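Participant:
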Amino acid sequence: CFALCLIEWGRGARRCSRGPAVAAGRTAGQQCYDLLVIGGGSGGLACAKEAAQLGKKVAVVDYVSPSPRGTRWGLGGTCVNVGCIPKKLMHQAALLGGVIRDAPHYGWEVAQPALHSWRKMAEAVQNHVKSLNWGHRVQLQDRKVKYFNFKASFVNKHTVCGVLKGGKEILLSAEHIVIATGGRPRYPAHIEGAVEYGITNVALECAGFLTGLGLDATIMIRSIPLRAFDQQMASLVIEHMAVHGTRILKGCMPLRVEKLPDGQLQVTWVDLASDRKDVGTFDTVLWATGRVPEIGSLNLEKAGVHTNPHTQKILVDAQDATSVPHIYAIGDVAEGRPELTPTAVMAGRLLAQRLCGRSSDLMDYDNVPTTVFTPLEYGCVGLSEEAAVARHGEEGVEVYHAYYKPLEFTVPERDASQCYIKMVCLREPPQLVLGLHFLGPNAGEVTQGFALALKCGASYEQVMRTVGIHPTCAEEVAKLRISKRSG
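If you read the sequence shown in UniProt numbering, its first letter stands for residue 1, the second for the next number, and so on.
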């Protein structure tokens, strides 16, 4: 029996005149580029590849500091290595377990109980991740982007230094520098045993696929789940997970983690409402208490780059420029940007195009769609109901909603109690759509199309005149006739 405690609170070199002189005996020299990208994640790589494609001389510096447990990974950043990609594949593994359970209802004779091999799944996922690491390296080579694997540190406004594997120092200077170092999980170091015995990932998604694979998972939530999302939808996500086997501890806070002689971990926590303490024993403790920007070794003060003193994120303007005009920041490390891979990728490409004089387009951070890959997926785009009311007032907002049952759920008699859609609109005709929230199978696939509609300024009337594809879950959006105001 496996138990898990999840706690949520995720071209050739040329000499340059810039930079200080360094003694030749201990340096690998100084190299100059049109563009230097610090960070080999999705946003940084997209920016570097685009600029190189447009004729610029580009270098990428990337280095992954090992986690407290010694975990390392390759080129591609969080999403490729320890985020979106492995998460979605393990989510798919869990969904297949549900398909196996449904199969007999559709006439398939399937041996029961079906057994899952974590080892085989992990090996397959890691093999795919490694293929993506290799693919990024090949793409950089094909575009003649110079790749360096070291921890970069600013020397001045145009130059960074680092130490190569052989121990020699190298200086890299560039006309423009892009910081795309992303973020790392925040460990609650004030909790005894948290760093020594914990690992990190995304709470609800990880707990969801672990439960789906037949493991015993517990989520401990100090305050509210999915804080940045619509809270009615978040409540339904939690409700579905609880009904389907994930233990939820609400309003609790961990106090310490201790390792027992048998290797298991004993967690002590307190219920914040009653002040009552409790204890549980688990095989693994996973912290999902937020993320912090990866800027510790950059020496930003040497370049004059300003950060938010509270979040430590780099302050940027609409052009993605920092307090130093030729230094830019994109992705999770930048203040006020969605912590989403596709936004970083698009921001990186658009920035490269502006730097190369090919476009003046800025990244539009409004109406960015996203999906939470919990067992019942939650996709959304635009404003939450709370944000819409805060911006336009309760009397200025109309919310159309419906529960629905996917056709696929009918034959195996699956519970569809939490399958729900709501469309948040302005009340005044033609009722511009402010946000769409979809909870159900394949939520990401459904939400992507409606994201384009919101980007184009779709109204409720236009959505209602859209012919649905039958029989699908997506067509339920075009059938939203009941408003919350109607009662």
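Virtual Cβ for every residue (Gly too), placed ideally from N, Cα, C. Just so we're clear, the structure is a prediction, and the values are computed from it rather than from any experiment.
Where DSSP assigns a beta bridge to Glu-294, which residues make up the other side?
Facilitator: Answer by DSSP bridge pairing: none, since Glu-294 is not bridged.
Participant: At what residues does the beta strand (DSSP E) containing Ala-59 begin and finish?
Facilitator: 58 to 61 is the extent of the beta strand (DSSP E) around Ala-59.
Participant: Rank Val-372, Glu-394, Gly-457 by C-alpha distance to the C-alpha of Arg-485 and give the top, closest one.
Facilitator: When each option's Cα is compared against that of Arg-485, the closest is Glu-394.
Participant: For Leu-272, which residues in the same chain have their Cβ closer than 7 Å to its Cβ, ignoring the five residues on either side in sequence?
Facilitator: These residues qualify, in order along the chain: Gly-251, Cys-252, Met-253.
Participant: Excluding sequence positions up to five away, which residues of its chain have a Cβ less than 6 Å from the Cβ of residue 536?
Facilitator: For the chain, the structure presents residues 1 to 487; residue 536 sits outside this window and is missing.
Participant: Identify whether Glu-475 lies in helix, strand or coil by the three-state DSSP scheme.
Facilitator: Note: Glu-475 maps to helix in three-state DSSP.
Participant: Curious, which full-length beta strand (DSSP E) runs of at least 3 residues does the UniProt domain "FAD/NAD(P)-binding" (201 to 348) contain?
Facilitator: Within the UniProt domain "FAD/NAD(P)-binding" (201 to 348), the complete beta strand (DSSP E) runs of at least 3 residues are 216 to 221, 247 to 250, 252 to 259, 265 to 271, 277 to 282, 284 to 288, 291 to 293, 327 to 329.
Participant: How many whole angstroms separate the CB atoms of Gly-290 and Arg-186, which I take to be in contact at a CB cut-off of 8 Å?
Facilitator: Correct: roughly 5 Å between the Cβ atoms.
Participant: By Cβ distance, which residues of its chain are closer than 7 Å to Ala-443, with the 5 residues on each side in sequence left out?
Facilitator: So the qualifying residues of the chain are Thr-371, Glu-377, Tyr-378, Gly-379.
Participant: Where do the ends of the alpha helix (DSSP H) carrying Leu-132 lie?
Facilitator: It spans 118 to 142 - the alpha helix (DSSP H) in which Leu-132 sits, taken as one unbroken run.
Participant: On the criterion of 16 or more Cβ atoms from any shown chain inside 10 Å, does Lys-87 qualify as buried, or is it exposed?
Facilitator: Buried, since its Cβ has 16 or more Cβ neighbours within 10 Å.
Participant: Give me the Cα-Cα distance between Pro-375 and Gly-245, rounded to the nearest whole angstrom.
Facilitator: Distance between the alpha carbons of Pro-375 and Gly-245: 11 Å.
Participant: Touching or not, the segment 391 to 405 and the segment 425 to 440, by the rule of three or more beta carbon pairs under 8 Å?
Facilitator: Result yes; three or more Cβ-Cβ pairs closer than 8 Å.
Participant: Taking the alpha-carbon of Leu-132 as reference, which of Gly-167, Trp-73, Gly-107 has the nearest alpha-carbon?
Facilitator: Per the Cα distances, Trp-73.
Participant: Taking buried to mean at least 16 other C-beta atoms within 10 Å of its own C-beta, is Ile-469 buried or exposed?
Facilitator: Ile-469 should be labelled exposed.
Participant: DSSP beta-bridge partners for Gln-31?
Facilitator: Beta-bridge pairing links Gln-31 to Leu-172.
Participant: From the DSSP output, in three-state form, read off Ser-486 for me.
Facilitator: Residue state, collapsed to three classes: helix.
Participant: Helix, strand or coil for Pro-68, going by three-state DSSP, please let me know.
Facilitator: Pro-68: coil per DSSP, three-state reduction.
Participant: Have a look at Ser-235 and Ile-221 and give me their C-alpha separation to the nearest angstrom.
Facilitator: The alpha-carbon atoms of Ser-235 and Ile-221 are separated by roughly 12 Å.
Participant: State the DSSP-derived secondary structure class of Ala-402, mapped to helix, strand or coil.
Facilitator: Reduced to three states, the DSSP call for Ala-402 is strand.
Participant: Please look up how many angstroms separate the CB atoms of Ala-180 and Ile-38, rounded, as I've assumed it's under 8 Å.
Facilitator: With 8 Å as the limit, Ala-180 and Ile-38 qualify as a contact, their Cβ atoms being about 7 Å apart.
Participant: Considering only DSSP beta bridges, list what Tyr-420 is partnered with.
Facilitator: Per DSSP, Tyr-403, Leu-439.
Participant: Return the residue from the list Ile-177, Leu-140, Val-82 that minimises the CA-CA distance to Ser-153.
Facilitator: Nearest C-alpha to Ser-153: Ile-177.
Participant: Enumerate in chain order the residues of its own chain whose CB-to-CB distance from Tyr-404 is below 6 Å, with the five nearest sequence positions on each side excluded.
Facilitator: For Tyr-404, where only same-chain residues beyond five positions count, the Cβ hits under 6 Å are Cys-419, Glu-476.
Participant: Quick one: is His-158 buried, meaning 16 or more other Cβ sit within 10 Å of its Cβ, or exposed?
Facilitator: Counting Cβ neighbours within 10 Å, His-158 comes out buried, since at least 16 surround it.
Participant: Distance check for Val-125 and Phe-229, CA to CA, integer angstroms please.
Facilitator: So the alpha carbons of these two residues sit roughly 29 Å apart.
Participant: Would you report the Cα separation of Gly-166 and Asn-149, rounded to the nearest angstrom?
Facilitator: So the two alpha carbons sit approximately 12 Å from each other.
Participant: Count the other C-beta atoms from every protein chain shown that fall within 10 angstroms of the C-beta of Ala-474, then say buried if there are 16 or more, exposed otherwise.
Facilitator: It counts as buried.
Participant: Using the beta-carbon count (16 or more within 10 Å), is Ser-359 buried or exposed?
Facilitator: Per the 10 Å Cβ criterion, exposed.
Participant: Would you report the Cα separation of Leu-213 and Gln-31, rounded to the nearest angstrom?
Facilitator: Their backbone Cα atoms lie some 50 Å apart in a straight line.
Participant: In this structure, how does DSSP classify Lys-88 when only helix, strand and coil are distinguished?
Facilitator: Residue state, collapsed to three classes: helix.
Participant: Tell me, which residues are paired with Val-145 by DSSP?
Facilitator: BP columns for Val-145 are empty, so no partner.
Participant: Please name the residue in Asp-216, Ser-323, Arg-349, Thr-311 whose C-alpha comes closest to that of Asp-332.
Facilitator: If we check each option's Cα against that of Asp-332, Thr-311 comes out closest.
Participant: Between Ala-48 and the rest of its own chain, which residues show a CB-CB distance below 6 Å, the 5 nearest in sequence each way excluded?
Facilitator: Cβ neighbours of Ala-48 beyond the five flanking positions: Val-37, Val-58, Val-60, Val-145.
Participant: Please report the straight-line C-alpha distance between Gln-353 and Lys-455, rounded to a whole angstrom.
Facilitator: C-alpha separation (whole angstroms): 22 Å.
Participant: Classify Asn-367 as buried or exposed, calling it buried when 16 or more other Cβ atoms lie within 10 Å of its own Cβ.
Facilitator: It is buried - the Cβ of Asn-367 has at least 16 other Cβ atoms within 10 Å.
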